[in-house]
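2 protein chains.
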Amino acid sequence: MARRPTVTSVQIAREAGVAQSTVSRVLNGGSVAPETRRRVLEVVAKYDFQPSQAARSLVGARSGLIGVVIRDLTNPFYPVMVKAMERVLHGQGLRLTLVTDVMTADEGLALLRREGVDGVVFTSAVRDEPLAHRIRGHGIPVVLCHRTLEGFAADQVEADNVTAGRLAAEHLLDLGHRRIAMVCGLAGASTSEQRGRGFRERGGACGEVALTELYAGYDYDAAYDAVRGLLAGAEPPTALFCHNDVMAYAALNAAAAAGVAVPRELSVVGCDDVPLSSWERIDLTTVRQPLERIARVGVELLLDRLADPDAPLRHEVLPVEFVGRSTTAPV
Amino acid sequence: MARRPTVTSVQIAREAGVAQSTVSRVLNGGSVAPETRRRVLEVVAKYDFQPSQAARSLVGARSGLIGVVIRDLTNPFYPVMVKAMERVLHGQGLRLTLVTDVMTADEGLALLRREGVDGVVFTSAVRDEPLAHRIRGHGIPVVLCHRTLEGFAADQVEADNVTAGRLAAEHLLDLGHRRIAMVCGLAGASTSEQRGRGFRERGGACGEVALTELYAGYDYDAAYDAVRGLLAGAEPPTALFCHNDVMAYAALNAAAAAGVAVPRELSVVGCDDVPLSSWERIDLTTVRQPLERIARVGVELLLDRLADPDAPLRHEVLPVEFVGRSTTAPV
DNA sequence: CTGAAAGCGCTTACAG
DNA sequence: CTGAAAGCGCTTACAG
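Going down the list, the protein sequences come from chains A and B. Its first residue numbered 1, the first sequence is counted upward by one per residue in full-length UniProt numbering. Its first residue numbered 1, the second sequence is counted upward by one per residue in full-length UniProt numbering.
Now the structure itself:
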């Protein structure tokens, strides 16, 4: 399996009878006589020549690599986002490099620097996010996508999470629920803070609502345990608002394990509306956020920023939508 | 947001008062006097110097990049594999580049070549797989992981899928089922062919089994439609063996949509045992294959191959295990 | 329109 | 143990 020596632009040039720089020009759209271009492209096609990305990024101003920071790939939410981002980037001839939770923030930063990424789409920001600040500190353009950071001067895109919380509250209050628990995501994550705020504002406006709040870090297992605890308590809630769908699934399963009937004894509302939620076996009432659109806009903001570094900052807030299904019922 | 100029090894060398090649030696473990090393590392730390990966792969024999071909990231199966692979690679200071279905096979190949990957872990092989052959044709080492290819001279790792099929058959036959449908994956995928073979061998040995077979491409929607069709037929099956868990979920949901009670009227067996399957709301009887271990071994086979290109080929077959849950019952 | 040349930031022999 | 030098495969001014 001896590595077949790779064809280089020098060899293409030789065989086409031109200078190496002409090959480069043909490939990068410089001005070349039609006949010369034809001759070069013929040789390029003959060998299916692929210019070395390493050489390109070494000499060029751009690496063509975009870093995407996504801590937890196993939340079904994220593969959908990655796919949407990849699609946009691939359409522009760019590539994506993933920074996930298999590495520490330090390692992630080192990676992004070594790779020379042109910019970073950050999806997992939390308050005082050290990584986002440090990436920017190295002069790498950052876009905050999905989760945002107040006072962080960067392009940002997020769902209208305050409204999401309000819609959830409205729905549960309309059904007559007054003893409600909120299974929050991550303290310091904008999504969780905004959803919580929207819910509280609407819930508080209604008086006499007993609202329990706890944080489960957007994590299935943590939410599962938390809900088991709630259901075993003296006065268990009649309804749950979970800050994402994954925790709502945990709630549904915890209820099943505890023999609590949903929605008869317990109503559950999620947030996200990932594909799983519409499965008949789940059929989760939730608030939809436009996942793929958030991802797409995140990448587009970054590409726009790279194209025009001095353009004014943008902050996009995308609409959410209540999706009533069968995990909620009147109290 | 002017790109802060990146620190290079030349600057580190100047500040440490040594030659640039000495910096390189310190970083790559060449022989350097302790005092010299100390001085260099001090400056390296001061700037948190990160050597350019582009320059490294341009000049070095290795790029440190491993290609991973995974067509469908949204099957919950694959994020688990990617994570396991990333963990191994990251531990070795290597990185991973993903080839998914957002690009064609041609584009994937071009990408892997431009990036100069050191090797490729292939998880989605199908018979006469053009991509795997072409990657190898370019002298890039390939490991077949999860799905294998007969007659393809490469290291391979897979689950014992024949046994998986046999275990599923045994279970359903023991429960008395004689009218069974098999929802197959992909014609030409080793996993599907082996699981099918194992099931048929065991099922056929029992006489008088009416076995319907159809292919749903390991796809949720296709399986959903197929099962709706089966259940609407004149003599619907009393049991289903689905070649992966995702199609089994589709079956469960299709049954729910059709008002068919599982397991009372229909038994469903899957294959994989991804985390979802143990959720109370799903609780799928299935055959577990060691997902993370398959992924890990796949990467290890590749790393071993890179370390010793002339070692004899290896073909690992990892054990599977029947997992009885609540989607199956006596006929 | 085209070629010759410099240079991107490293690793790796080659001397000493 | 250490430095000077070549060279990886490109892009990009610079001449002509």
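Quick reminder that beta carbons are idealized off the backbone N, C-alpha and C, glycines included.
- Residue-level contact by beta carbon fails for Val143/B and chain A, as no gap is shorter than 7 Å.
- Taking a cut-off of 8 Å on C-beta distances, the region 22-32 of chain A does not touch the region 69-86 of chain A, as fewer than three cross pairs fall below it.
- When C-alpha distances from Pro319/A are compared across His146/A, Ile70/A, Leu172/A, the shortest belongs to His146/A.
- Considering only beta carbons, the part of the region 249-268 of chain B lying closer than 9 Å to chain A consists of Tyr249, Ala250, Leu252, Asn253, Ala254, Ala255, Ala256, Ala257, in chain order.
- Between Arg178/A and Val209/A, the C-beta gap is smaller than 7 Å, which places the two residues in contact.
- Closest in alpha carbon position to Ile282/B, among Ala255/B, Ala164/B, Asp48/B, is Ala255/B.
- Scanning Glu150/B, Ala223/B, Thr212/B, Arg56/B for the CA closest to the CA of Leu186/B turns up Ala223/B.
- Beta-bridge annotation (DSSP): Thr286/A is paired with Val323/A.
- Going by DSSP, Glu201/A is part of the alpha helix (DSSP H) stretching over 190-204.
- Fewer than three beta-carbon pairs drawn from the region 270-279 of chain B and the region 101-111 of chain B are found closer than 8 Å, and the two stretches are therefore not classed as touching.
- A buried status is given to Tyr249/A, since no fewer than 16 other beta-carbon atoms sit within 10 Å of its beta-carbon.
- In the structure shown, the three-state DSSP call for Arg38/A is helix.
- Taking one beta carbon from each stretch, the region 147-162 of chain B and the region 86-93 of chain B have fewer than 3 pairs nearer than 8 Å; the two do not touch.
- Between Leu240/A and Ala181/A a beta carbon distance of about 5 Å is seen, short of the 8 Å cut, so the two are scored as contacting.
- If you compare the alpha carbons of Leu112/B, Gln53/B, Glu35/B with that of Val59/A, the shortest gap goes to Gln53/B.
- When the alpha-carbon of Pro236/B is set against those of Ala261/B, Asp219/B, Gly204/B, Asp221/B, the nearest one is in Ala261/B.
- Under DSSP, the beta-bridge partners assigned to Arg95/A are Leu65/A.
- Sequence-distant partners of Thr36/A (beyond 5 residues in either direction) whose C-beta falls short of 7 Å from its own C-beta, in its chain, are Val18, Thr22.
- Remark: C-beta atoms of Gln289/A and Arg113/B do not approach each other more closely than 7 Å.
- Distance from the Cα of Ala168/B is smallest, within the candidate group Arg14/B, Glu321/B, Ser190/B, Ala55/B, for Glu321/B.
- Counting only unbroken stretches of 3 or more residues, the beta strand (DSSP E) elements lying wholly within the region 133-174 of chain A are 142-145, 155-159, in sequence order.
- Within the model, the alpha-carbon separation for Asp160/B versus Val317/B is close to 6 Å.
- Under a 10 Å Cβ-count criterion, Val331/B is classified as exposed, with fewer than 16 other Cβ atoms of the shown protein chains found around its own Cβ.
- Separation of the CB atoms of Asp106/B and Ile66/B is rounded to 20 Å, and the pair is thereby denied contact status at 8 Å.
- Using a Cβ-Cβ cut-off of 8 Å, Ser52/B is close to Leu58, Arg114, Gly116 of chain A, given in chain order.
- When the Cα atoms are used, Leu230/A and Ala132/A turn out to be separated by approximately 35 Å.
- Just measuring C-alpha positions, the residue of His315/A, Thr148/A, Ser267/A, Gly198/A sitting nearest Arg325/A is Ser267/A.
- Only residues of its own chain outside the window of five on either side were considered, and among them Val126, Arg127, Asp128 have a CB closer than 8 Å to the CB of Gly188/A, listed in chain order.
- Chain order gives no chain A residues near Met182/B, where near means a beta carbon separation below 9 Å; the closest approach is about 22 Å.
- By the neighbour-count definition (other C-beta atoms within 10 Å, threshold 16), Pro309/A is an exposed residue.
- Ranked by Cα distance from Thr148/A, the options Ala329/A, Arg314/A, Asp219/A, Thr328/A are led by Arg314/A.
- For the pair Val183/B and Ala216/B, the CB atoms are nearer than the 7 Å cut-off.
- Only buried fits Asn244/B, as 16 or more other CB atoms lie within 10 angstroms of its CB.
- With contacts defined by Cβ atoms closer than 7 Å, Ile135/B and Val120/B form a contacting pair.
- At least one C-beta of chain A is nearer than 7 Å to the C-beta of His90/B.
- In chain order, Ala105 place their CB closer than 8 Å to the CB of Pro130/A, counting only its own chain and leaving out the 5 sequence neighbours on each side.
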